[in-house]
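Chemist:
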Amino acid sequence: MMLLVDAGNTRIKWRILYGRMLQASGAVPTANVADLALAWQPHRLTGAVLSCVADAAAQAGLVRLMAELGLPAQWLVPAREKYGLINLYDVPEKLGADRYAALIAAARLKLGDCVVVSVGTATTVDMLSRNNEFLGGVIIPGPDLMRAALLGGTGQIESRMQGDATSANNIGNPSTLPRNTDAAVDLGIVLAQAGVVTAVCGRMPVASEPPLVILTGGARTQIRGWLRGQLIEIEDLVLEGLAWIALESTLES
């Protein structure tokens, strides 16, 4: 059985597969990496494929867990051309492993020209051509990080809001005519997020129709209703990409 791990800035998500069949899955806050041992130990794992963009402490914790479990671990490092994806990043290995895995999964879907949008702690918007070329993309703060930066970087805006930063957060369904500070902040964030997606779609070199948007990420519901055009939503696209990598690695061995 193969362990797949997507270690992000906020959460570590994982799946255990037997072939392509899901055996178990879960998630923990990134700071609680040690808690994963109890979840993984009961399974007869034969290897692991990991994407890690978390901090050094979390990565070190995962390295220790792999050693304790005696698992051969494949840490995903982006390449120029592998797993059916052509990576045109200036320095291929500098592409984030999570973006790389998500693009691999998107390429396997064979949906033509598309834009892969992952909304989490950060929002990434990446262009994938019908020839499976990663053409480039942008990174901005995610919705929650935008809000935290605004509240932390201004002197009085928080005092003008109706509630605290969690209970007042209505991102995803804000007023279209903001007449209080809460609504002004919420609408500003979703318009900024959706505007970046629209701008990237407009810059993508496609022949005719706008590219398909593939939406993923734990905070995607906050902007889903504000995106226009053809859209599909996929849960845990990074883990889907890791599954393809694990399958291909198994076939090669």
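Letter 26 of the sequence shown, counting from 1, is numbered 25 in numbering that gives the first Met the number 0, and no numbers are missing.
Where a beta carbon is used, it is the ideal one built from N, C-alpha and C, also for glycine.
Suppose only complete runs of 4+ residues qualify. What are the alpha helix (DSSP H) ranges in the region 169-224, listed by chain order?
Modeler: 180-202
Chemist: Tell me the rounded alpha-carbon separation between Thr122 and Asn8.
Modeler: Rounded to whole angstroms, Thr122 to Asn8 spans 12 Å at the Cα level.
Chemist: What does a CB cutoff of less than 8 Å around Val196 pick up in its chain, not counting 5 residues either side in sequence?
Modeler: Val114, Val116, Val124, Val212, Ile222, Leu226
Chemist: Which value, in whole angstroms, describes the spacing of the CA atoms of Ala26 and Met20?
Modeler: Computed Cα separation, rounded: 18 Å.
Chemist: Need the endpoints of the beta strand (DSSP E) that Val23 sits in, please.
Modeler: A small fix is needed here, since residue 23 is Ala in this sequence, not Val. Here the beta strand (DSSP E) through Ala23 covers 20-28.
Chemist: Nearest CA to the CA of Ala100: which residue from Met145, Gly83, Val137?
Modeler: Gly83
Chemist: Going by DSSP, what residue range makes up the beta strand (DSSP E) through Glu232?
Modeler: Looking at the DSSP string, the run of the beta strand (DSSP E) that includes Glu232 is 230-232.
Chemist: May I ask which residues mark the beginning and end of the alpha helix (DSSP H) holding Pro142?
Modeler: 142-152
Chemist: What do you get for Ile231, buried or exposed, if any count of 16 or more other CB atoms within 10 angstroms of its CB means buried?
Modeler: exposed
Chemist: Which two residues bound the contiguous beta strand (DSSP E) that contains Met1?
Modeler: 1-6
Chemist: Taking just the CA atoms, how far does Arg43 sit from Ala204?
Modeler: It should be pointed out that residue 204 corresponds to Pro in this sequence rather than to Ala. Taking the CA atoms as reference points, Pro204 sits about 46 Å from Arg43.
Chemist: By how many angstroms is the C-alpha of Pro177 removed from the C-alpha of Ala33?
Modeler: 44 Å
Chemist: Would you please state the rounded distance, in angstroms, between the beta carbons of Ala104 and Leu2? I believe it to be under 8 Å.
Modeler: Actually they do not touch by this definition, with Cβ atoms about 17 Å apart.
Chemist: Can you tell me the Cβ-Cβ gap for Leu75 and Val48, rounded? I've got them flagged as a contact below 8 Å.
Modeler: 7 Å
Chemist: Going straight from the alpha carbon of Asp54 to that of Ala30, what length do you get?
Modeler: 9 Å
Chemist: Would the beta-carbon of Gly141 fall within 8 Å of that of Thr175?
Modeler: Result no, Cβ atoms of Gly141 and Thr175 do not sit closer than 8 Å.
Chemist: According to DSSP, simplified to helix, strand and coil, what is Asp235?
Modeler: coil
Chemist: With distances taken from CA atoms, which of Ala191, Tyr88, Ala38, Ala23 is nearest Gly136?
Modeler: Tyr88
Chemist: Can you check DSSP and say which residues form a bridge with Trp13?
Modeler: Val4, Gly25
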